[in-house]
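Structure, as structure tokens:
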Amino acid sequence: MPPDKSISHRALLLGAITCGTSELVNVSSAQDVLSTKHCLEQLGVVFGLAEGRTMVYSEGVGGFCEPQVPLDCGNSGTTMRLLTGILAGSDIKATLSGDQSLMRRPMQRVVRPLLAMGGSINTDAGLPPLTIQGRPLQGKLWRPEVASAQVKSAILLAGLFARGVTRVEELHPTRDHTERMLQACGGKVQFGPGWAEVAASRLSPMHFRVPGDVSAAAFFVVLAACLPGADLHVAEVGLNPGRIGFLEVLRLMGADVSWTVDNDLPEPSGSIVVRGGQLRPFSIAGEMVPRLIDELPVLAVAAACAQGRSEVRDAGELRVKESDRIAALLTELNKLGVKTEEFPDGFAIIGGKMQGAEVCSHEDHRLAMALAVAGSLASGTTTIKQAGCVRVSYPGFWGDLAKIQGGEED
2 MPPDKSISHR ALLLGAITCG TSELVNVSSA QDVLSTKHCL EQLGVVFGLA
52 EGRTMVYSEG VGGFCEPQVP LDCGNSGTTM RLLTGILAGS DIKATLSGDQ
102 SLMRRPMQRV VRPLLAMGGS INTDAGLPPL TIQGRPLQGK LWRPEVASAQ
152 VKSAILLAGL FARGVTRVEE LHPTRDHTER MLQACGGKVQ FGPGWAEVAA
202 SRLSPMHFRV PGDVSAAAFF VVLAACLPGA DLHVAEVGLN PGRIGFLEVL
252 RLMGADVSWT VDNDLPEPSG SIVVRGGQLR PFSIAGEMVP RLIDELPVLA
302 VAAACAQGRS EVRDAGELRV KESDRIAALL TELNKLGVKT EEFPDGFAII
352 GGKMQGAEVC SHEDHRLAMA LAVAGSLASG TTTIKQAGCV RVSYPGFWGD
402 LAKIQGGEED
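The sequence shown runs 2 to 411 under our numbering.
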């Protein structure tokens, strides 16, 4: 599997705010991660390669130089939100921009808590671009209205430069990559399911290996689970508890799937084994949703292969991703002959046979890959328009899909 995108973002950002040299192994080359790297380079952070390792040379936030042009976050909401948290407590002024898709994504949910901490951030009615004037911050307690690991991470990163303690209490637990990595760097952080707090910290340079991306693996795991007789083994992949909800759902669907954690510090990683068979429908809502929000498009494909009606609720967050993932997903599945129902916060899928058709990714990488899985399971030929968008998270997807279909294991 390709290196984990979420963890790669955080590894580069933490290396950038640390004084000294950090050494990172297996960093993602996805376009979103390159956007983070390019923004940091404009702030004066230096990167190098040594024997396949990414070296991060930085003087910390105090060494950031003020950029003369807006920092281009590309398509990456993670880049924009986490960098906003860091810059809010700096002593420079910077503007964050992005592509057309990112400029339509709401940023008020990350701006509001940072303003409450004393930050200075200007937006276009809550949308990018964001202009941040760094200033001294004060730690606060914040309870986000929507469970979001990106919002939580932005607040915690700002808390590294704030007076007092900064605490986040979540509606539902989300992935804890930032907390684990801060702890590994010597940050003053405490956390548990649904909460985290941090105090001003001087981080130590990190030496870290990024595991394989479990969200990328999800497409092939679902494909194998839906094919009777299939047998797939995925090795050296991240198994953070906040990221494996889709495996638990597949198990509830009756899939023969298991996973083993081989290494737990600072990030759990290991292997996944799945064997194909007949699947049952599922129902998802509440605290499970943040643990599989990125995998919902491909789980919808699994639902289309199950006998019966599956339902997803409390997933309104899907409407403000790279596309309106609820509307776009159902539109394209309908073209494949799948019966669906749309709700403001989710959808229902009635399982049945899929028939190949021409579909569109809506320039959404996860939708493109989910449709590729659907096309692989449908009868006839499926053509996906705007398929190149997978480069933002998984540049090698099409090649790996061909290998999997040819019977090779990763």
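Quick reminder that beta carbons are idealized off the backbone N, C-alpha and C, glycines included. This one's a predicted model, so the numbers in the text were calculated from it and none came from an experiment.
{"Asked": "Alpha carbon of Phe209 to alpha carbon of Ser59, nearest angstrom", "Found": "16 Å"}
{"Asked": "Three-way DSSP call (helix, strand, coil) for Gly407 in this model", "Found": "coil"}
{"Asked": "Environment of Leu50 [buried if 16+ CB atoms lie within 10 Å]", "Found": "exposed"}
{"Asked": "Segment contact flag, the stretch 68-87 with the stretch 110-118, C-beta cutoff 8 Å, min 3 pairs", "Found": "yes"}
{"Asked": "Proximity winner among Met207, Asp92, Ala148, Ala197, relative to Arg136 (alpha-carbon distances)", "Found": "Asp92"}
{"Asked": "Identity of the residue in Gln406, Gln151, Gly338, Glu342 nearest Cys380 by Cα", "Found": "Residue 380 is actually Ser in this sequence, not Cys. Measuring from the Cα of Ser380, the nearest candidate turns out to be Gly338."}
{"Asked": "Counted within 10 angstroms of its Cβ, other Cβ atoms place Glu343 as buried (16 or more) or exposed", "Found": "exposed"}
{"Asked": "Candidates Arg203, Glu180, Leu204, Glu312, of which the one nearest Trp196 by Cα", "Found": "Glu180"}
{"Asked": "Whole-angstrom distance between Phe283 and Lys340, CA atom to CA atom", "Found": "15 Å"}
{"Asked": "Residue burial classification, Asp365 (beta-carbon count within 10 angstroms, cutoff 16)", "Found": "buried"}
{"Asked": "Sheet register partners of Asp232 (DSSP bridge)", "Found": "Arg276"}
{"Asked": "Residue from Glu198, Pro242, Gly213, Leu248 with nearest C-alpha to Val1", "Found": "With the chain covering only 2 through 411, there is no way to say anything about residue 1."}
{"Asked": "Pro269 (DSSP reduced to helix, strand or coil)", "Found": "coil"}
{"Asked": "Among Gly63, Glu24, Val321, the one whose alpha carbon lies nearest that of Glu52", "Found": "Glu24"}
{"Asked": "Identified DSSP bridge partners for Thr55", "Found": "Leu25, Leu50"}
{"Asked": "Contact set for Cys227: own chain, Cβ-Cβ below 7 Å, skip 5 residues either direction", "Found": "Gly277, Leu280, Ala303, Cys306, Leu378"}
{"Asked": "The beta strand (DSSP E) enclosing Gln43, as first and last residue numbers", "Found": "Note, Gln43: premise wrong, no beta strand (DSSP E); alpha helix (DSSP H) at 32-43."}
{"Asked": "Entirely enclosed alpha helix (DSSP H) segments - the stretch 324-370, minimum 4 residues", "Found": "326-336"}
{"Asked": "Where Ala201 falls: helix, strand or coil (DSSP)", "Found": "coil"}
{"Asked": "Ser205 versus Phe162 - alpha carbon distance", "Found": "15 Å"}
{"Asked": "Neighbourhood of Leu14 by C-beta, 6 Å cutoff - its chain only, sequence neighbours within 5 removed", "Found": "Leu83"}
{"Asked": "Asn335 classed as buried or exposed, judged by whether at least 16 other C-beta atoms fall within 10 angstroms", "Found": "exposed"}
{"Asked": "Where Leu142 falls: helix, strand or coil (DSSP)", "Found": "strand"}
{"Asked": "Other residues of its chain near Ile294: CB distance less than 8 Å, five sequence neighbours each side excluded", "Found": "Ala316, Glu318, Leu319"}
{"Asked": "Presumed contact (8 Å Cβ cut-off) between Arg1 and Leu300, rounded CB distance", "Found": "Only positions 2 to 411 of the chain appear in this structure, which leaves residue 1 out of reach."}
{"Asked": "Span of the beta strand (DSSP E) around Gln134", "Found": "128-134"}
{"Asked": "Sheet register partners of Gln191 (DSSP bridge)", "Found": "Glu198"}
{"Asked": "Own chain, CB closer than 7 Å to Thr261, minus 5 neighbours either side, in chain order", "Found": "Gly271, Ser272"}
{"Asked": "Length of the line joining the Cα atoms of Leu330 and Cys20", "Found": "44 Å"}
{"Asked": "Same chain, Cβ closer than 8 Å to Lys386, five either side skipped, listed in chain order", "Found": "Glu359, Val360, Cys361, Ser362"}
{"Asked": "CA-to-CA distance, Ile405 to Ser7, given in whole angstroms", "Found": "24 Å"}
{"Asked": "Cutoff 6 Å; reference Val290; Cβ partners in own chain excluding five residues on either side", "Found": "Asp315, Ala316"}
{"Asked": "Asn264 versus Glu237, Leu251, Ala375, Arg252, residue with shortest Cα-Cα distance", "Found": "Glu237"}
{"Asked": "Backbone CA spacing between Asp411 and Arg54 [nearest angstrom]", "Found": "Only weak support exists for where Asp411 lies, its pLDDT of 43 falling under 50; the value from the coordinates is given anyway. Answer to the nearest angstrom: the Cα atoms are 22 Å apart."}
{"Asked": "Integer Cβ distance of Arg168 from Glu198, believed to fall under 8 Å", "Found": "4 Å"}
{"Asked": "Anticipated Cβ contact below 8 Å, Cys74 with Leu103, distance rounded", "Found": "6 Å"}
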